[in-house]
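So the structure is just underneath, and the comments pick up after that.
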Amino acid sequence: MAGSLQEAYELLLKSRQSRILAGGMWLRLGSTPISHAIDLSRLGLDTIQKTEDCLEIGAMVTLRQLECDVLTREAFSGILPTSVQSIVGTQFRSTATLGGSVYARFGFSDPVCALLSLRARVVFYKAGEMDLETYLASPPVRDILTCVRIPLSSQAASYQSLRHTRTDFPVLNLSLSRDEQGLHTLSVGARPMKAMRCREAESCLDCGDTEGALQAVRQLPYGTNMRAGAEYRQEIASVLLERALEEMKA
Amino acid sequence: MTLTFTLNGRKMSQEISPDESLLSVLRRCGCYSVRSGCDTSNCGICTVWVDGHAILSCSYPAPRAEGRSVTTMEGVRDEAQDLMTFLAEEGADQCGFCSPGFIMSVLAMLRELKDPTVDEMEQYLSGNLCRCTGYNSQHRAIVKLLEKRRDEHHV
Numbered sequence: 000m001a002g003s004l005q006e007a008y009e010l011l012l013k014s015r016q017s018r019i020l021a022g023g024m025w026l027r028l029g030s031t032p033i034s035h036a037i038d039l040s041r042l043g044l045d046t047i048q049k050t051e052d053c054l055e056i057g058a059m060v061t062l063r064q065l066e067c068d069v070l071t072r073e074a075f076s077g078i079l080p081t082s083v084q085s086i087v088g089t090q091f092r093s094t095a096t097l098g099g100s101v102y103a104r105f106g107f108s109d110p111v112c113a114l115l116s117l118r119a120r121v122v123f124y125k126a127g128e129m130d131l132e133t134y135l136a137s138p139p140v141r142d143i144l145t146c147v148r149i150p151l152s153s154q155a156a157s158y159q160s161l162r163h164t165r166t167d168f169p170v171l172n173l174s175l176s177r178d179e180q181g182l183h184t185l186s187v188g189a190r191p192m193k194a195m196r197c198r199e200a201e202s203c204l205d206c207g208d209t210e211g212a213l214q215a216v217r218q219l220p221y222g223t224n225m226r227a228g229a230e231y232r233q234e235i236a237s238v239l240l241e242r243a244l245e246e247m248k249a
Numbered sequence: 000m001t002l003t004f005t006l007n008g009r010k011m012s013q014e015i016s017p018d019e020s021l022l023s024v025l026r027r028c029g030c031y032s033v034r035s036g037c038d039t040s041n042c043g044i045c046t047v048w049v050d051g052h053a054i055l056s057c058s059y060p061a062p063r064a065e066g067r068s069v070t071t072m073e074g075v076r077d078e079a080q081d082l083m084t085f086l087a088e089e090g091a092d093q094c095g096f097c098s099p100g101f102i103m104s105v106l107a108m109l110r111e112l113k114d115p116t117v118d119e120m121e122q123y124l125s126g127n128l129c130r131c132t133g134y135n136s137q138h139r140a141i142v143k144l145l146e147k148r149r150d151e152h153h154v
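Residue numbers (numbering that gives the first Met the number 0), protein chains in the order written: chain A, 0 to 249; chain B, 0 to 154.
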């Protein structure tokens with residue numbers, strides 16, 4: 000149990016086998032030997048706060064907090080709660096943390112896809128603040144994620160996913176937001192690779208070219224795994240984008 | 000290391016291994032309602048409450064429970080009795096293996112959502128898997144429990 004972020008950081012650097020404990024939901028499925036499991040649960044990283052220009056979500060905020068907190072429900076058309084509510088079950092979400100999902104950059108992650116479309120930024124103890132998109136593309140870092148900051152500029156947003164069953168991993172997820180200048184940000188995740196933005200589709204949407212955006216979103220790289228094939232995902236991507244646009248229109 | 004926590008209202012200290020799960024500690028403390036199912040955070044059978052929140056004890060590191068209040072079905076026996084009766088009457092308790100975890104989730108739900116809709120119920124309880132019942136009988140049991148509670152409230 001770390002008493003401070005500095006102590007946690009020193010422990011993390013002590014050994015290559017040291018690991019930061021987030022929710023711990025995947026611990027039983029991993030095979031990596033762990034010499035020091037560093038618990039951040041007593042460091043006050045479990046709060047959600049609204050500042051003048053962003054919503055700041057601590058790394059140890061649970062997915063359940065994200066789902067129920069009044070600030071997350073009211074902001075960004077409620078896509079943060081929507082993005083997590085199909086994840087396993089209530090008990091799972093009561094322990095799994097946002098920091099765990101974001102730091103691990105899981106391809107199947109629902110909240111990472113939603114956060115990317117909201118142009119979220121991640122804050123590390125040593126490396127400081129960077130945008131989530133940069134972090135998703137960067138090599139693994141030995142650092143501690145302390146919080147996620149989401150600018151309040153998004154005016155409307157929609158999160159869509161397709162799943163075989165309600166609590167399964169997504170076959171594909173897609174998140175779209177529009178800011179006060181009418182500029183769109185579109186991310187697609189569970190491709191099954193990690194979420195990425197589709198800039199071509201964003202430009203089309205900014206100009207009101209919906210057909211172009213639907214074509215562009217199909218051009219992202221998609222892969223095949225046990226849940227779906229690449230071609231199926233390609234088709235579904237444009238369906239999810241249509242649904243997102245419908246929802247935002249409403 | 001020594002874990003000091005409150006278990007079903009009683010303060011206690013227990014010697015634990017730092018890499019132990021809460022589930023294993025609870026069973027060592029004699030709480031046999033807490034069972035290991037999938038052991039990978041999926042099935043909900045090991046559900047207990049920590050500080051009033053339903054969690055999966057198979058994946059909850061025991062040292063994290065230091066100073067916290069843990070509740071298992073042994074600690075809410077009276078509250079569980081009504082629900083158990085309805086579960087039995089509706090044929091929702093077949094092999095019974097998942098029942099303690101399910102009951103802990105339902106009781107947590109009823110504390111959080113006073114009068115849940117069927118949709119909210121399904122959403123809340125989606126993390127409790129049952130191979131026997133197909134869930135309809137369980138939902139009927141909860142609806143009947145809610146009706147009974149509403150009647151009592153009106154009386």
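We put the beta carbon where it would ideally sit given N, CA and C, even for glycine.
For the pair threonine 46 (chain A) and glutamate 88 (chain B), the Cα-to-Cα distance works out to about 43 Å. The beta carbons of alanine 243 (chain A) and serine 157 (chain A) sit closer together than 8 Å.
Assignment of beta strand (DSSP E) within the stretch 18-84 of chain B, counting only whole runs of 3 or more residues, yields 46-49, 52-55 and 68-70 in chain order.
In this structure, DSSP gives proline 150 (chain A) an extended state, which the three-state scheme calls strand. Boundaries of the beta strand (DSSP E) harbouring proline 169 (chain A): 169-178, taken from the DSSP string. Restricted to the stretch 29-70 of chain A, the alpha helix (DSSP H) segments that are unbroken, complete and at least 4 residues in length are 62-67, listed in chain order. Excluding five sequence positions before and after methionine 72 (chain B), the CB atoms of its chain that fall closer than 7 Å to its own CB belong to Ser32, Ala79, Pro99, Ile102 and Met103, given in chain order. By the Cβ test, the stretch 10-30 of chain A is in contact with the stretch 92-104 of chain A, since at least three Cβ pairs between them sit closer than 8 Å.
Annotation for serine 82 (chain A): the continuous alpha helix (DSSP H) segment containing it runs 78-83.
Below the 9 Å Cβ cutoff, chain B contributes no neighbours of valine 60 (chain A), its closest Cβ being approximately 13 Å away. Not one beta carbon of chain A lies nearer than 8 Å to the beta carbon of aspartate 50 (chain B).
Note that the stretch 207-221 of chain A does not touch the stretch 114-121 of chain A; fewer than 3 beta-carbon pairs, one per stretch, sit closer than 8 Å. For the pair threonine 50 (chain A) and leucine 114 (chain A), the Cα-to-Cα distance works out to about 17 Å. Think of a sphere of 8 Å around the beta carbon of cysteine 30 (chain B): no beta carbon from chain A falls inside it, the nearest being about 16 Å out. In the DSSP secondary-structure assignment, histidine 183 (chain A) is bridged to A:Arg177.
Looking at the DSSP output, glutamate 14 (chain B) shares a beta bridge with B:Thr1. Valine 83 (chain A) has its alpha-carbon roughly 31 Å from the corresponding atom of cysteine 30 (chain B).
Leucine 79 (chain A) does not reach chain B, its nearest Cβ partner there being about 16 Å away, counting only Cβ pairs nearer than 8 Å. The C-alpha of cysteine 131 (chain B) is placed about 46 Å away from the C-alpha of glutamine 154 (chain A). At least one C-beta of chain B is nearer than 8 Å to the C-beta of aspartate 38 (chain A). Not one beta carbon of chain A lies nearer than 8 Å to the beta carbon of arginine 76 (chain B).
The Cβ neighbour count for lysine 193 (chain A), taken over all protein chains shown within 10 Å, is at least 16; the residue is labelled buried.
Within chain B, no residue has its CB atom less than 9 Å from the CB of methionine 195 (chain A), the nearest being about 27 Å off. The C-beta of phenylalanine 91 (chain A) comes closer than 8 Å to at least one C-beta of chain B. Proximity to glycine 43 (chain A) across A:Arg27, A:Ser30, A:Pro80 and A:Ser3 peaks at A:Ser3, based on C-alpha coordinates.
DSSP, reduced to helix, strand and coil, places methionine 225 (chain A) outside both helices and strands of the structure shown, so it counts as coil. Fewer than three beta-carbon pairs drawn from the stretch 210-228 of chain A and the stretch 134-153 of chain A are found closer than 8 Å, and the two stretches are therefore not classed as touching. Residue-level contact by beta carbon holds for glycine 88 (chain A) and chain B, with a gap shorter than 8 Å. Of A:Tyr231, A:Thr61, A:Met195 and A:Ala95, the smallest CA-CA separation from serine 58 (chain B) is found for A:Ala95.
Between the alpha carbons of lysine 113 (chain B) and glutamine 137 (chain B) lies a gap of roughly 18 Å. At a cut-off of 8 Å between C-beta atoms, leucine 26 (chain A) counts as an interface residue with respect to chain B. Fully enclosed alpha helix (DSSP H) runs of no fewer than 4 residues occupy 78-83, 89-94, 97-103 and 109-116 of the stretch 73-125 of chain A, in order along the chain.
When the five nearest sequence neighbours on each side are left out, the beta carbons in the same chain lying within less than 7 Å of the beta carbon of leucine 70 (chain A) are those of Ile47, Lys49 and Leu54, in order along the chain. At a cut-off of 8 Å between beta carbons, glycine 2 (chain A) makes no contact with chain B. Residue contact check for alanine 140 (chain B) against chain A: no CB pair falls below 8 Å. Where methionine 120 (chain B) is concerned, the enclosing alpha helix (DSSP H) starts and stops at 117-123.
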